[in-house]
Amino acid sequence: MRTRSLIGALVLGAAALATAGAASAEALSLVCRLQVTARGGHRSIGRRLDIDLGRKTVRISDDLGRGWVFKNEYPFVSADRGRILLESGGGKESDVDRVSGTYFFRNQADGVTMRGPCQKAAPARPRF
Numbered sequence: 001m002r003t004r005s006l007i008g009a010l011v012l013g014a015a016a017l018a019t020a021g022a023a024s025a026e027a028l029s030l031v032c033r034l035q036v037t038a039r040g041g042h043r044s045i046g047r048r049l050d051i052d053l054g055r056k057t058v059r060i061s062d063d064l065g066r067g068w069v070f071k072n073e074y075p076f077v078s079a080d081r082g083r084i085l086l087e088s089g090g091g092k093e094s095d096v097d098r099v100s101g102t103y104f105f106r107n108q109a110d111g112v113t114m115r116g117p118c119q120k121a122a123p124a125r126p127r128f
């Protein structure tokens, strides 16, 4: 009886560890240095993408020179080994090329295009 409980506890513990490892592997945090081109000119900004592949969501924050500011969080379209398609439709298109490590965004309505390289970053942590 005691052996059976011990085996059950070991199996449960191993399952919990495996689940925790899988959950952390599904998060991808990227910091991108982007060139923004619009009708009025161009500039450089930072964009942080916190992508949760398990929940299929992306959280976006921008740095315009005064620190990171949260912009939006929404479900992304799809992900495979080569590309994560963040938006597609309504005149907007954005993706991350997983092979080259580049981010691309275009909004046809305002004529804004953003593109640039991304690097992996530590996941964002709450301040409090």
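Per the working numbering, the sequence shown starts with residue 1, numbered consecutively. Heads up, the beta-carbon is just placed ideally off N, CA and C, and yes, glycines get one too. As the structure is a computational prediction, the values presented were derived from the model and not from experiment.
The three-state secondary structure of residue 108, taken from DSSP, is coil.
Ranked by Cα distance from residue 69, the first of 53, 77 and 60 is 60. Inside the stretch 69-128, DSSP marks whole beta strand (DSSP E) runs of 3 or more residues at positions 83-89, 92-97, 102-107 and 112-120, from first to last along the chain. With a threshold of 16 other beta carbon atoms within 10 Å, residue 47 meets it and is buried. In this structure, the beta-carbon distance from residue 51 to residue 34 does not fall below 7 Å. In this structure residue 83 is in contact with residue 95, their Cβ atoms being roughly 5 Å apart against a cut-off of 8 Å. Measuring C-alpha to C-alpha distances from residue 77 to each of 67, 111 and 53 identifies 53 as the nearest.
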